[in-house]
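Residue numbers for the sequence shown, in this note's numbering: 25 to 317.
Note that CB positions come from ideal geometry on N, CA and C, so glycine has one too.
Being a predicted model, the structure only gives us computed values, none of them experimental.
Data block below; observations after.
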Amino acid sequence: MFTTMKRVLALAVTAALALTGAACTGDSDGSGNGKKITIGYMAWDEAIAASHLWQHILEEKGYQVQLKNLEAGLVYGGLANGDIDLFLDGWLPQTHASYLEKYGDKLEKLGVWHDDASLSIAVPKYVEGVDSLDDLAAKADTFGGQMIGIEPGAGLTKVTQEKVLPSYGLDGAMKLKTSSTPAMLAALDGAIADKKPIVVTLWHPHWAYAKYELKDLADPKGTLGQAEQINTFARKGFGKDFPEATEMLKKFKMDGQQLGSLEDLMFNTHKGDEEKAVEEWLKANPDYLKALA
């Protein structure tokens, strides 16, 4: 009787260890197999588009994918402590440099998927006499003394506050009004509809440049930096836990036309229905998924 019980216990322990080992191997069986992946993203439109695209791709592979919308600093912190698995909108070398200094050794860099990104300060083309950031101080009253920004924790906000405003003598002349990316875009849309002057913080790539006639203000002092790369970052151990997903993510690339068309579907044609936008985009780009295989 005692020997039999020992055998049963041994078998139970072996089975438990086998299950534990299977759980730790992530997708080593060649599919998601119900494994959970949390994607963190900030409310920048390319981040929203890329995150929903990869939610669809990974769910088709059998993963359970949860999206978390947070400010950039919270996304990086979540990656560092393991609460977030994946982030698809890491801007380097300048915009997110401070986050990488703080958390870089706790992240896995999976690759660059877009290499021609840039920060900008923009006005509608009909705004006359303002073509450079140098022009803003003298024209501050034209814009009610306000520059319309995005989230307070965004890298673009930090650069604007710490470099753009002081470098061009705008401290005191103009106030950066922060809120959210959707609020900035709504303000831009309303101003253009009424042909009113407005100056906003923006970036490339962004669908707004296709929808509206905008002009980027020249930045002769280089405060906004040069072209940037958009990176995919993961928590430590992600590559080991999810080898198949990692290999796909390392192959992820999108050029400006591809990203612009996805954003247009997501934020204009099918606003509020990201899944439908992704499905329509993949149908129009049937060879895209083959490159990730």
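Quick one: grab the DSSP three-state call for residue 167.
Secondary structure of residue 167 (DSSP, three-state): helix.
Measure the Cβ-Cβ separation of residue 222 and residue 236 and say whether it is below 7 Å.
No, they are not a contact pair.
Grab me the residues of residue 24's own chain with a C-beta within less than 8 Å of its C-beta, minus the 5 sequence neighbours each way, in chain order.
Summary: the structure shown does not reach residue 24, with the chain confined to residues 25 through 317, and so no result is reported for it.
Could you tell me whether the Cβ atoms of residue 102 and residue 64 are closer together than 7 Å?
Judged by their CB atoms, residue 102 and residue 64 are nearer to each other than the 7 Å cut-off.
Have a look at 317, 108, 81 and flag the residue whose alpha-carbon is nearest the alpha-carbon of residue 262.
Taking only the C-alpha atoms, the option nearest residue 262 is 108.
Cβ contact check for the region 193 to 210 and the region 106 to 121: 3 or more pairs under 8 Å:
Output reads no: the region 106 to 121 does not touch the region 193 to 210.
Please go through the same chain and pick out, in chain order, the residues whose beta-carbon is closer than 6 Å to the beta-carbon of residue 136, but skip the five residues on each side of it.
Closer than 6 Å at Cβ, skipping near neighbours: 253, 255.
Let me make sure I understand the geometry here. Which of 116, 86, 87, 120 has the alpha-carbon closest to that of residue 98?
Selection 116, 86, 87, 120 evaluated against residue 98 yields 120 as nearest (Cα-Cα).
Buried or exposed: which applies to residue 175, given that a residue is buried once 16 or more other Cβ atoms fall within 10 Å of its Cβ?
Buried, because 16 or more other Cβ atoms sit within 10 Å of the Cβ of residue 175.
Can you tell me whether DSSP reads residue 278 as helix, strand or coil?
The answer is coil: DSSP assigns residue 278 none of H, G, I, E or B.
Could you name the residues that DSSP lists as bridge partners for residue 65?
Residue 65 has 93 as its beta-bridge partners, per DSSP.
Residue 303: which of 231, 227, 77 sits nearest, CA to CA?
Closest by alpha carbon: 77.
Just list the alpha helix (DSSP H) runs in the region 86 to 153, keeping only unbroken ones of 4 residues or longer that don't cross its boundaries, in chain order.
Every unbroken stretch of the alpha helix (DSSP H) spanning 4 or more residues and falling wholly within the region 86 to 153 is given here in chain order: 96 to 105, 121 to 127.
On the CB-based measure, 16 or more other CB atoms within 10 Å of its CB, does residue 310 come out buried or exposed?
By the neighbour-count rule (16 or more Cβ atoms within 10 Å), residue 310 is not buried but exposed.
Contact set for residue 60: own chain, Cβ-Cβ below 6 Å, skip 5 residues either direction
The residues are 88.
Please list the segments of the alpha helix (DSSP H) lying wholly inside the region 181 to 223, counting only runs of 4 or more residues, in order along the chain.
Complete alpha helix (DSSP H) runs here, min 4: 205 to 217.
What does the alpha-carbon distance come out to for the pair residue 268 and residue 166?
Between the alpha carbons of residue 268 and residue 166 lies a gap of roughly 54 Å.
If we define contact as Cβ-Cβ less than 7 Å, is residue 185 a contact residue for chain B?
Looking at the structure shown, chain B is missing, and only one protein chain is on hand.
Going by C-alpha to C-alpha distance, which of 168, 220, 293, 307 sits closest to residue 231?
If we check each option's Cα against that of residue 231, 293 comes out closest.
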